[in-house]
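Chains as they are written, first to last, in our numbering: chain A, 213 to 638; chain B, 2 to 415. Using N, Cα and C, we set each Cβ at its ideal position, and we do this for glycine too. This one's a predicted model, so the numbers in the text were calculated from it and none came from an experiment. Inspection log for the structure reproduced underneath, given as structure tokens.
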Amino acid sequence: MTLNRKTAPAFGAIDNINLLHPGHQKLDNGCNVFCFNSGDQELVRIEWVFANQRFNPDKPLLNVAVNTMLTEGTASLTSSQIADKVDFYGAFLQVDYGYDNSQVTLFSLNKHLKHTLPVIKDIITNSIFPEKELETYIRNQQQKLQVSLQKNDFVARRVFNNALYGNTLYGLGADADTFKTLRREDMLAHFKQMYQPSNCTIIIAGKIEPNILELITNTFDKDWANSTVKPDSSQPEIEEAVEHFYFVEKPDALQSAIRMGAPIINRTHPDFPALQVLNTVLGGYFGSRLMANIREDKGYTYGIGSGMSSLKQGGAIFIATEVGADVCKAAITEIEKELNLLKTELIPTEELSLVRNFMLGSLLGSLENVLSHADKFKNLYFAGLDYDYYDRYVDTVKTVTADRLQQLANVYLNFDNFYKVIVGKY
Amino acid sequence: MVKFNRFTLDNGLRVIVHEDSTTPMAVLNILYDVGARDENPEQTGFAHLFEHLMFGGSLNIPDYDQPLQRVGGENNAFTSNDLTNYYITLPSANIETAFWLESDRMLSLAFSKKSLEVQRNVVIEEFKQRYLNQPYGDVWLKLRPMVYKKHPYQWATIGKEIKHIEDAKIEDVKAFFKKHYNPQNAIMVVGGDVKTAEVKKLAEKWFGPIPAGEKYHRNLPQEPEQHEERRDTVTAKVPLNDVYIAFQMGDRLDESYYVAELISDILSRGNSSRLYRNLVKEKQLFSEVHAYMTGSLDKGMFVFEGKPLENVTTEAAEAAIWEELERLKTEEVPADELTKVKNKTESTMIFSEMSLLDKAMNLAQFELLGDADMLNKETGKYIEVTAAQIKALANKIFRKDNSTTLIYLAEKVA
């Protein structure tokens with residue numbers, strides 16, 4: 213029988229996406245602990261997540277600087293001793309600053325956890341931000357900033373965020389002078405207020421044997437008290453800029469970075485899952501409207517896409533790309549065309565069916581191992597959502613109609629109201 | 002430990018199967034034994050341009066991406082100086098779609114003029130975005146030809162210049178395909194929620210009928226040993242000075258490779274590493290400095306890169322790096338420090354087993370080196386490295402007359 217290469221093989225739709233739910237316990241000091249226990253590899257990832265503190269415009273970098281410098285020294289360990297201890301046991305220590313929360317992450321083989329865990333306890337309870345290390349931090353950040361400011365997409369993102377979010381944690385773009393506002397006393401005070409048990413969520417993922425869990429809960433329940441100063445994660449109200457068009461000229465640019473979009477809803481809004489479907493059609497995968505037109509048909513760019521962000525104080529939809537400088541205006545015309553098309557014409561059934569399958573396959577593929585399941589939980593927990601969010605998401609992806617998507621396009625995809633940022637040539 | 006089964010089809014296609022029922026996904030990874038090093042020096046950037054064209058439709062399937070997206074799959078590819086790698090991840094129930102797609106484009110591409118036209122433009126935009134429009138983006142375009150005088154590693158995967166890509170013709174593309182894209186030159190790894198017997202059936206069905214084609218025999222000019230110091234300084238519109246120092250070193254299969262890797266870890270891996278600790282923190286000479294190796298199949302490069310602080314001259318910066326190298330050449334690495342980097346290596350291997358795609362790509366790359374099972378012997382090789390070997394290799398590689406130094410001077414804008 214000759215092989216038929218012209219017809220695609222039969223395939224199945226994706227039925228079930230099963231998410232692991234965590235075990236939960238609350239420590240005496242108010243810290244919440246969530247556990248995802250699965251897998252054969254004898255290792256754990258432990259995340260200590262803390263809510264950022266209220267933005268102070270006079271001291272705008274405290275949240276990021278304090279988090280970054282948690283590795284730089286405690287009352288008992290210098291920066292290099294901390295690094296040595298962690299590295300010696302083959303562990304990985306990370307600090308990550310986020311718009312809403314910042315965290316400390318430890319990856320450790322279970323057999324070495326008893327050596328590596330005390331180091332984390334120390335940095336979370338005893339960091340001192342040595343003056344010399346602070347100077348180094350400021351100097352190196354200023355240097356790195358100079359390089360980053362030469363990258364058009366970096367500048368575009370900064371200008372865009374500043375327009376949407378103003379002078380807040382979300383919108384702040386530090387310049388060299390901003391770093392000069394950092395003072396060690398302020399950092400110590402911020403550290404005490406933010407890095408305390410009542411402001412902490414611990415998420416453990418891996419092969420969590422009973423002795424491992426006990427080690428973790430013992431270490432972080434004993435000798436870790438709350439401060440007299442209560443944490444304050446309230447944030448000032450966001451003020452969007454009046455100006456909607458920003459052009460930053462770079463006379464020698466071979467390419468222009470374009471970023472455009474608007475503040476919209478976040479994950480807590482019922483429209484969010486359906487809007488994610490619309491976003492995928494627009495620019496959320498390789499076969500999207502934007503890619504098919506502006507990269508594959510016109511060859512204006514190496515990559516273009518759209519995305520949605522969901523933060524505590526709101527979300528945004530945005531389109532980003534770097535295009536040949538000489539085709540910048542043309543690219544923007546095409547983007548407008550694609551946005552309008554979604555408002556005026558229904559998405560064809562075949563295309564929608566493809567996007568549905570792609571999104572479900574993507575979700576399935578993103579559940580690679582136990583760590584991925586913990587990541588999905590974080591999306592829910594810190595947004596105040598329940599696991600039924602994912603049931604609704606899957607259901608929406610499977611059933612949202614082309615009519616509904618067209619409605620949503622008319623509500624949320626308004627080119628004329630978008631903030632538009634161009635860095636390069638226009 | 003990554004278990005696998007292996008078989009070879011009559012047409013020479015090597016197939017490796019890694020069963021892993023803990024995931025509902027499958028991965029199909031195809032590695033073609035062709036990279037930038039196999040290009041004609043007047044037609045560089047071809048292997049990479051070709052990678053793009055592989056997505057422009059094959060003989061029986063006009064569109065590669067859509068049928069895959071329809072079954073919930075994702076894909077990507079990359080090209081290096083040594084190899085070109087394509088992979089698909091998808092729900093395991095739909096694995097046959099992956100076989101259908103990959104076998105058809107191994108059989109023959111559609112070779113449409115429109116596809117060449119579009120991808121030519123896309124690659125030119127990529128050239129600009131990543132190499133010309135970024136500060137220091139063109140470093141490899143400058144550094145490679147300084148280190149490699151004879152070997153094709155002298156040009157970067159993206160190509161020597163945009164013109165080579167602009168001039169590419171459809172006949173050249175067809176010839177490239179015929180020469181390199183056949184079963185004998187490919188290694189396929191199928192992993193995830195699959196069974197070997199089923200994979201074998203699918204491989205025979207879809208790939209079996211593809212003609213073996215002509216075997217490509219690689220015969221590249223060897224790069225001679227370096228015996229003189231090489232230097233250049235460029236002034237560029239960059240905000241900060243940047244220092245690059247490259248050394249010639251052994252190839253991937255050389256026994257010194259594992260020793261060199263641990264040297265780069267000691268120097269540059271993590272916050273307890275020597276370059277970070279001594280040059281960034283203690284002496285405050287650099288805002289950042291790194292050491293790494295290319296790990297190439299032929300003679301490799303060991304590279305240092307660092308941005309000195311504004312009050313530090315590039316001479317002082319260079320001297321500081323050399324001081325660290327002299328230390329490695331004269332003092333044996335203390336036992337604790339060596340244990341540390343070995344523990345990190347072991348740990349990394351275990352963590353990498355949590356990623357199905359990483360496992361599949363590693364199996365393919367080790368099979369290219371001669372035996373996929375080398376993956377499972379890697380940790381052992383690192384553990385065997387001694388302090389004496391590190392000292393000996395440092396003396397062999399880190400010599401002025403084996404060095405190439407490239408300095409970027411920031412053009413001061415008034």
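For residue j and residue i, the rounded distance between their alpha carbons
{"i": "residue 416 of chain B", "j": "residue 294 of chain B", "result": "No answer is possible for residue 416 of chain B: the residues shown for chain B start at 2 and end at 415."}
{"i": "residue 415 of chain B", "j": "residue 240 of chain B", "result": "Low local confidence applies: a pLDDT of 43 at residue 415 of chain B is under 50, so the model's placement there is unreliable, and no value is given."}
{"i": "residue 332 of chain A", "j": "residue 82 of chain B", "result": "41 angstroms"}
{"i": "residue 138 of chain B", "j": "residue 132 of chain B", "result": "4 angstroms"}
{"i": "residue 410 of chain A", "j": "residue 589 of chain A", "result": "20 angstroms"}
{"i": "residue 383 of chain A", "j": "residue 529 of chain A", "result": "15 angstroms"}
{"i": "residue 213 of chain B", "j": "residue 180 of chain B", "result": "11 angstroms"}
{"i": "residue 20 of chain B", "j": "residue 362 of chain B", "result": "14 angstroms"}
{"i": "residue 329 of chain A", "j": "residue 282 of chain A", "result": "15 angstroms"}
{"i": "residue 639 of chain A", "j": "residue 567 of chain A", "result": "Residue 639 of chain A lies beyond the range of chain A shown here (213 to 638); nothing can be said about it."}
{"i": "residue 418 of chain A", "j": "residue 249 of chain A", "result": "5 angstroms"}
{"i": "residue 230 of chain B", "j": "residue 398 of chain B", "result": "13 angstroms"}
{"i": "residue 343 of chain A", "j": "residue 398 of chain A", "result": "12 angstroms"}
{"i": "residue 500 of chain A", "j": "residue 372 of chain B", "result": "40 angstroms"}
{"i": "residue 258 of chain A", "j": "residue 414 of chain A", "result": "7 angstroms"}
{"i": "residue 503 of chain A", "j": "residue 516 of chain A", "result": "6 angstroms"}
{"i": "residue 314 of chain A", "j": "residue 106 of chain B", "result": "46 angstroms"}
Range of the contiguous beta strand (DSSP E) that encloses residue i
{"i": "residue 471 of chain A", "result": "467 to 476"}
{"i": "residue 236 of chain A", "result": "235 to 238"}
{"i": "residue 414 of chain A", "result": "412 to 418"}
{"i": "residue 291 of chain B", "result": "287 to 294"}
{"i": "residue 163 of chain B", "result": "Per DSSP, residue 163 of chain B belongs to no beta strand (DSSP E); it is in the alpha helix (DSSP H), 163 to 167."}
Contact with chain D by residue i, beta-carbon distance below 7 angstroms
{"i": "residue 95 of chain B", "result": "The structure shown contains no chain D; its protein chains are A and B."}
Test: residue i CB closer than 7 angstroms to a CB of chain A
{"i": "residue 46 of chain B", "result": "no"}
{"i": "residue 43 of chain B", "result": "no"}
{"i": "residue 415 of chain B", "result": "Caution is warranted here: a pLDDT of 43 is assigned to residue 415 of chain B, below 50, making its placement in the model unreliable, and the coordinate value is therefore given only provisionally. Not one chain A Cβ lies under 7 angstroms of residue 415 of chain B."}
{"i": "residue 240 of chain B", "result": "yes"}
{"i": "residue 119 of chain B", "result": "yes"}
{"i": "residue 171 of chain B", "result": "no"}
{"i": "residue 307 of chain B", "result": "no"}
{"i": "residue 71 of chain B", "result": "yes"}
{"i": "residue 330 of chain B", "result": "no"}
{"i": "residue 314 of chain B", "result": "no"}
{"i": "residue 20 of chain B", "result": "no"}
{"i": "residue 351 of chain B", "result": "yes"}
{"i": "residue 377 of chain B", "result": "no"}
{"i": "residue 2 of chain B", "result": "no"}
Chain B contact for residue i (CB, 7 angstroms cutoff)
{"i": "residue 466 of chain A", "result": "yes"}
{"i": "residue 603 of chain A", "result": "no"}
{"i": "residue 292 of chain A", "result": "yes"}
{"i": "residue 508 of chain A", "result": "yes"}
{"i": "residue 542 of chain A", "result": "no"}
{"i": "residue 646 of chain A", "result": "Because chain A here runs from 213 to 638, residue 646 of chain A falls outside it and cannot be looked at."}
{"i": "residue 411 of chain A", "result": "no"}
{"i": "residue 280 of chain A", "result": "no"}
Extent of the continuous alpha helix (DSSP H) to which residue i belongs
{"i": "residue 586 of chain A", "result": "582 to 593"}
{"i": "residue 276 of chain A", "result": "274 to 280"}
{"i": "residue 604 of chain A", "result": "600 to 611"}
Count Cβ pairs between the region 84 to 95 of chain B and the region 351 to 368 of chain B that sit closer than 8 angstroms; are there 3 or more?
yes
Please specify which runs of the alpha helix (DSSP H), each continuous and at least 4 residues long, are wholly inside the region 310 to 370 of chain B, giving them in chain order.
315 to 331, 336 to 353 and 357 to 370
The region 244 to 253 of chain B in contact with the region 298 to 315 of chain B per 3-pair CB rule at 8 angstroms
Yes, the region 244 to 253 of chain B touches the region 298 to 315 of chain B.
Would you say the region 268 to 280 of chain A touches the region 384 to 396 of chain A, given that touching needs at least three Cβ pairs under 8 angstroms?
Counting Cβ pairs under 8 angstroms, three or more are found: they touch.
What residue ranges within the region 294 to 328 of chain A form continuous beta strand (DSSP E) runs of no fewer than 3 residues, ordered along the chain?
For the beta strand (DSSP E) assignment, the uninterrupted runs of no fewer than 3 residues enclosed by the region 294 to 328 of chain A are, from N- to C-terminal side, 304 to 309 and 313 to 321.
Is it true that the region 547 to 556 of chain A meets the region 485 to 504 of chain A, where meeting means three or more beta-carbon pairs spaced less than 8 angstroms apart?
yes
Alpha helix (DSSP H) runs contained entirely in the region 315 to 396 of chain A, provided each spans 4 or more residues
325 to 338, 343 to 360 and 364 to 377
Jot down the residue ranges of each uninterrupted alpha helix (DSSP H) in the region 217 to 274 of chain B, minimum 4 residues, whole runs only, in chain order.
257 to 269
Ignoring anything shorter than 3 residues, give me the beta strand (DSSP E) runs that lie fully in the region 512 to 577 of chain A, in order along the chain.
Fully enclosed beta strand (DSSP E) runs of 3 or longer: 513 to 523 and 526 to 536.
Whole runs of the alpha helix (DSSP H) within the region 65 to 102 of chain B, excluding any shorter than 4 residues:
Listed in chain order, the complete alpha helix (DSSP H) runs (minimum 4 residues) inside the region 65 to 102 of chain B are 66 to 71.
Does the region 276 to 288 of chain B come within contact of the region 226 to 236 of chain B, defined as at least 3 CB pairs closer than 8 angstroms?
no
Three CB pairs or more closer than 8 angstroms across the region 314 to 327 of chain A and the region 361 to 374 of chain A:
no
Cβ pair count under 8 angstroms reaching 3, the region 156 to 176 of chain B against the region 66 to 78 of chain B
no
Cβ contact check for the region 278 to 293 of chain A and the region 234 to 250 of chain A: 3 or more pairs under 8 angstroms
no
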